[in-house]
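What follows is a single structure, written as structure tokens, with notes after it.
Number of protein chains: 2
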Amino acid sequence: MQRKRNLYLKTIPVEEAREKYFSAIADLITVKHETIKVTESLDRITGSAIYAKYSSPLYNASAMDGIAVRAADTAYASETSPVVLKETDYVVVDTGDPIHPPFDAVIMAEDIVETEDGVRIIASAHPWQHIRPIGEDIVAGEMILPGNHKIRAIDIGVLLSAGILEIEAVKRPEVAIFPTGTEIIEPEEEPEDGSIIESNSRMFENMVTVAGGIGHRFAPIADDYAKIRGAVAQAAGRYDMVIINAGSSAGTEDYTVHVLRELGEVIVHGVSVKPGKPVILAVVAGKPVIGLPGYPVSAYIGFENFVTPLIQMMARRPERLAETVQAHISRRLVSSLKHKEYVRVKVGKVGDKFVAAPLARGAGAAMSLVRADGFCIIEQNSEGIEAGDVAEIALYRSRREIENTVVVIGSHDLILDVIADIMPNAYKDMFVSSTHVGSMGGLMALRRGEAHIAPIHLLDEESGEYNISYLKKMFREPMALIKGVHRIQGIMVKKDNPLRIEGLADLRSGMEIAGKEADCGDSASGAAAGDAGMSAGNAGTASDVRVDAKEMAGGAERADAGNAGANVGGVRAAGKKIDGKAAAGEYAEGKRAGRMGTAGGNAVPVRYVNRQRGAGTRVLFDYKLKQAGIDPAEINGYEREMATHMAVAAAVAGDGADAGMGVLSAAKAMGLDFIEIAPEEYDFAIPAKFLELPHIKAFLQILQSAEFHDRLAQLGGYDAGRSGEVILL
Amino acid sequence: MQRKRNLYLKTIPVEEAREKYFSAIADLITVKHETIKVTESLDRITGSAIYAKYSSPLYNASAMDGIAVRAADTAYASETSPVVLKETDYVVVDTGDPIHPPFDAVIMAEDIVETEDGVRIIASAHPWQHIRPIGEDIVAGEMILPGNHKIRAIDIGVLLSAGILEIEAVKRPEVAIFPTGTEIIEPEEEPEDGSIIESNSRMFENMVTVAGGIGHRFAPIADDYAKIRGAVAQAAGRYDMVIINAGSSAGTEDYTVHVLRELGEVIVHGVSVKPGKPVILAVVAGKPVIGLPGYPVSAYIGFENFVTPLIQMMARRPERLAETVQAHISRRLVSSLKHKEYVRVKVGKVGDKFVAAPLARGAGAAMSLVRADGFCIIEQNSEGIEAGDVAEIALYRSRREIENTVVVIGSHDLILDVIADIMPNAYKDMFVSSTHVGSMGGLMALRRGEAHIAPIHLLDEESGEYNISYLKKMFREPMALIKGVHRIQGIMVKKDNPLRIEGLADLRSGMEIAGKEADCGDSASGAAAGDAGMSAGNAGTASDVRVDAKEMAGGAERADAGNAGANVGGVRAAGKKIDGKAAAGEYAEGKRAGRMGTAGGNAVPVRYVNRQRGAGTRVLFDYKLKQAGIDPAEINGYEREMATHMAVAAAVAGDGADAGMGVLSAAKAMGLDFIEIAPEEYDFAIPAKFLELPHIKAFLQILQSAEFHDRLAQLGGYDAGRSGEVILL
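Taken in order, these protein sequences are the chains called A and B. Reminder that position 593 of the first sequence reads as 681 in my numbering, one-by-one numbering, no gaps. Reminder that position 663 of the second sequence reads as 751 in my numbering, one-by-one numbering, no gaps.
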């Protein structure tokens, strides 16, 4: 703990930070102009008013195909006394042809009759009829576009018509972006333990584009004071703005604030906002330099709060204001008085009300931004929002898109992603949005009128039947069950099942590994350890072999697998048939045997990861534990909850957990082994009144489509024989 | 009339045309994919669902700066019985650092005390506290983005985090654009008589971009059947779509439809829509080929109706639906049952209602599209909309922009453009929109609650006072007059005043030029004729000199100025002092003298252009005629109405008119001579209740600003001494 940490100055509210910073740099912000070609000016902002060089039309022009005449010559023409014009008295014109004196009117081709003597007219032409006077559309010298105007395709056409080839446009501000951090790697690099793939700078680069600037993203700089200082000093001289990413928090290697204090002035350090507190707003060499936090959501919010408005000012672009809706918040949101909070939400329209379901609130939850339909701001002076309260949501998607979206809340399965993927492709401008709160959570959402559909897989322990009894018990209104899929639930374990888990009984914490250092590592390190055991004597038991997996190909540095191997003992290992599947199995078997043994030391049981309460998988797990006579207290990790099958699978694939319950498709997606526990029915509960909505109909059609069935076959583990069947209850 | 004209097949409604064409080509439309870099994917559409390659975080990661510990070691820590951890029992971690077994919890730096023995803990850590589990945000194998998703900056960040470097994106359809026409010139070329600057193709090119495609614009092709056929045949083989511009109407040189019938199949020719009837929808070599009309508004509407949806289909982009408002239509709109009509409108919010003022309805009125805030569709089965009726307006601008816009309806002056230019520059997101209907029209609009401000210059003939008496007479509600400018009205005549017009009396049609062929041409030809006259003898009168201006530098082909010169006679020319200002004056003098004479032949009087009824300038003109005892019937062109000073100026600068009344600044802008008639007061009428609106306050501030006064000085002819002064009535 020797390293120095930055302590925040007192954080200040966003509005105050903005006010303070923007007024400090107000005189430094300059709007630059440049001359650009009109043909390349789409979406650019005019630097000043633009005046026509030519009129359009450039001359008095025929507005019709026909003949140009002297109106006076036709003055008394009528059906009874037609006028015949000789060839010298008219000229044939097409639309757009110039009309010159002495001609001052055009008669449409349809209204004349050609005769041997000439052209016969049966109605008088009034002066200037069917002639577009010079400058009718654009008058030379008149203002075509004002300054500060965003150029559209039609403007380009008119500018060229008016003889304008080049215009003064507002120059797009150029923004230097420096990712920093010793642990970050480029996306192309192979990640190692502790690597963080640098992606914020690419997000910023594109956010700069969207705001109206040009982003220049530089290669990552290590956490090195001199290097960071050098880069910032040079960039501040050359660019209109500088962004430094990460290094803005109070961590031990966060040099940014020191660098900026040395090079210029730090106006604000720390903003009372969540996520996004660690922001540095500084000025170096007359240029705004902004330090943004490393967590992607914090980075995004910090950028939107401070960088976007600055670029818009320099680029003379109007502030983009999101469309808003008033929506019912589906879940209580508690927030601290210490900060303003941006909560990402899914938004749907169910019946005649908009409903917003909060997404993950963590600063690292970048996917919450990807999935969000909008966000809800909890002001600093508010302690939160109660479930059911109405709050204003700023939308990321269009209101219309949201109105055409099937709102699915309930149990998670990968087939929801598949349906969401197929929907807009097969049905124009229709979408599926799903939020994962487990089966019971989904039914509660249906009851509150917050969803159209709740995917559920709820076993009725008494009847052994799935789903239907729950709908009958919980709803008074007419309901329907749309049949979904049969799927298989089981225990997901690491690849090749190193701990040889065969059923629920193996999850009990009585089943311990002796030796507190014992660690299976991830499957790679297990395999590496196994390899080591093999090379150490090609024996059935890997006793007394200490392996440093770091030196092995596996690459998992800390797998201290040897310790485990050293504790091998117990009868079961000996009695186990050793298959030829690589010594990794042997090693694991050794570990398992260790667990079975009675050696002393700190016991490290199988590390289980559970699903959240209300999840059908949790219900099933509890049911199966009960059947097997296992007390949940015996499960190490029973309290550790994950929200989706995939999150459980990821935990098991990593080095923090050994087993978790989930569906086969999730295990397959993560390359895990799978111990089948029970088949189950995953269906869709829906109030009958929604069945006639067009997007619900589309949803039903997808369930019966060939494409859906093909995709399920690829995922594996599903039986979709009854998919899309509707049972009215 | 020997040339053959295409006759339309019966035109069909837009929806029917679209249905017929799109179903004919449904099987031909293919959505192509291509692999692109994620870093270059902003705004692209995903071709298929994208699944994560890596989890994020990639490992169990510390969520805080602090120390990683074994939770079990801290189980009984409390303030009274702290636990001290030795150096081997913890590891210092920064946010983002990996946490490996045996450690399974993180304690924040703030919560520990360093002692000589080790680190002291005074609270237990629960397992997995402050640890972001592997895959917390993104789980390897999970779907990050569905297909058909438009990629945003945040998506790019997440894709890279998930190890995705390249994605399958929908290929942007490539559209070949061929301008055709013998008369069209490139914008860089110097226009000659009859030239049309080709700009539609550039508009299309950018409309293709906006719709999601890539436009390839080719050089103009002359009206040559073989060339057009060759270009279309080749392009249909190479591009996803072909657009041919102009040549789609029934004009004499319109080969397009013949070419398309020869090369493929014409599905639709002619659509019942206004503007935009002459559309050809065809298929050549399996590719959609669309012929669009030449008039810019027709071209635009044709493109939006048929090309945009096709590109969106191929590019898999959602249909862009404009925001709509219900607005009161300010003027009666009569429309034929023969077609659906798109009427461009200015939209404003006055009080609590939206008001839409129709703009020029002509197909050639490209500026009506530039100026429009939206459009109102009059369905084919409707005969129009009554003034005051509410209709739906599809907006081009955002509703918010419209709500922040000062609606100005009334008399036109160039200073309105100046104010509109200054406004958004000086006041963020505030705008001025002005519609020109004359002073009385403006006051009527105020009375109907359709405008905030009416610019007026109305002389009270009895009192000789301007404006105030009209407000007192016409309004019951409290009104105010915002002082505008003093400006000068006069007669605008061609440069160097070739007809030597000195006052209103010279406009009388009794004052004729003998010889119906007599023509002054534009000022350039006048000058050329003058030069010729000079070289023909350097004499004071240019008698008997025939000049073909086409051979002269002036470039105005048809100026048959010699004829005029040939008619010189009469006493006044002789008596006139000849100034040294070039023989052009002499020539003109000769013409004027001719007018004064009594020669026989068809009389061609001075060609006047008037302003529309209700315009203050018209009121002034009538007043001055009355004062001078001139009957309006004596003014040739009294019935020819133009809506703005600049339109009058343009007419006078062209070869269709000799004189018109207007303000000095308009004459200056068009390089015209100006005969002062009267000074006048151009002010702003406003209901007093609007004075406190923020955008009205901004308007007032601009009138008093230095920038406004500087700009007026540049325009010339204004006295802005009292600008911005408010007189409450």
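Glycine residues also receive a C-beta, built at the ideal position from the N, C-alpha and C atoms.
- Interface with chain A (8 Å Cβ-Cβ cutoff): Asp328 of chain B is excluded.
- By the C-beta density criterion, Lys582 of chain A is buried, having at least 16 other C-beta atoms within 10 angstroms.
- Contact residues of the segment 513-526 of chain A toward chain B are Asn513, Asp517 (C-beta to C-beta distance below 7 Å).
- For Lys141 of chain A against Ala257 of chain A, the beta-carbon gap comes to about 17 Å, at or over 8 Å, which does not count as contact.
- For Ala444 of chain B, the enclosing beta strand (DSSP E) starts and ends at 441-446.
- Residue range 302-305 is occupied by the beta strand (DSSP E) that includes Arg305 of chain B.
- Where Arg317 of chain B is concerned, the enclosing alpha helix (DSSP H) starts and stops at 313-326.
- Per DSSP, Ala479 of chain A is not a residue of any alpha helix (DSSP H); the beta strand (DSSP E) it occupies stretches across 478-483.
- DSSP places Leu504 of chain B within a helical segment (H, G or I) once states are collapsed to three.
- An exposed status is given to Tyr711 of chain B, since fewer than 16 other beta-carbon atoms sit within 10 Å of its beta-carbon.
- Under the Cβ distance rule, Pro782 of chain A does not count among the residues neighbouring chain B, no pair being separated by less than 8 Å.
- Residue state for Asn492 of chain B is assigned as coil, using DSSP reduced to three classes.
- Taking 8 Å as the CB threshold, Gly235 of chain A lines the interface with chain B.
- Its Cα nearest to that of Pro767 of chain A, the residue A:Gly578 stands out among A:Phe563, A:Gly303, A:Gly578, A:Ile155.
- The Cβ neighbour count for Lys375 of chain A, taken over all protein chains shown within 10 Å, is at least 16; the residue is labelled buried.
- The three-state secondary structure of Pro308 of chain B, taken from DSSP, is coil.
- For Gly358 of chain B, the closest of B:Thr344, B:Ala310, B:Ala149, B:Glu350 by C-alpha to C-alpha distance is B:Thr344.
- Between Glu224 of chain A and chain B, the shortest Cβ-Cβ separation is below 8 Å.
- Pro363 of chain B is not a Cβ neighbour of Met567 of chain B, given a cutoff of 8 Å.
- Cα atoms of Lys365 of chain A and Phe394 of chain A: separation of roughly 12 Å, rounded to the nearest angstrom.
- Ile242 of chain A has a beta carbon lying within less than 8 Å of a beta carbon in chain B.
- Remark: C-beta atoms of Ser289 of chain B and Asn333 of chain B approach each other more closely than 8 Å.
- When secondary structure is reduced to three states using DSSP, Leu817 of chain B falls in the coil class, being assigned neither helix nor strand.
- Gln414 of chain A carries a strand assignment under DSSP once its states are collapsed to helix, strand and coil.
- Under the 8 Å criterion on CB atoms, Arg220 of chain B is classed as interfacial with respect to chain A.
- Among the residues facing chain B, Glu107 of chain A is not included, as its CB has no counterpart in that chain under 8 Å away.
- Separation of the CB atoms of Ala454 of chain A and Gly245 of chain B is rounded to 6 Å, and the pair is thereby assigned contact status at 8 Å.
- Interface flag for Ser499 of chain B against chain A is unset, since no Cβ pair is found closer than 8 Å.
- When beta bridges are read from the DSSP output, Lys437 of chain B appears opposite B:Phe442.
- Listed along the chain, the chain B residues whose CB falls inside 8 Å of the CB of Asn148 of chain A are Gly742, Asp743, Gly744.
- Taken residue by residue, none of the segment 790-814 of chain B has a beta-carbon sitting less than 7 Å from a beta-carbon on chain A.
- Along the segment 487-511 of chain B, the positions whose C-beta sits under 7 Å from a C-beta of chain A are Arg488, Asp505, Ala508, Asp509, read in chain order.
- Assignment of Met758 of chain B by DSSP, reduced to helix, strand and coil, places it in the coil class.
- Under the 8 Å criterion on CB atoms, Glu353 of chain A is classed as non-interfacial with respect to chain B.
- If you draw a straight line from the Cα of Glu286 of chain A to the Cα of Ala735 of chain A, it is about 22 Å long.
- By a beta-carbon distance limit of 8 Å, Val181 of chain A contacts Val194 of chain A. Their separation comes to about 6 Å.
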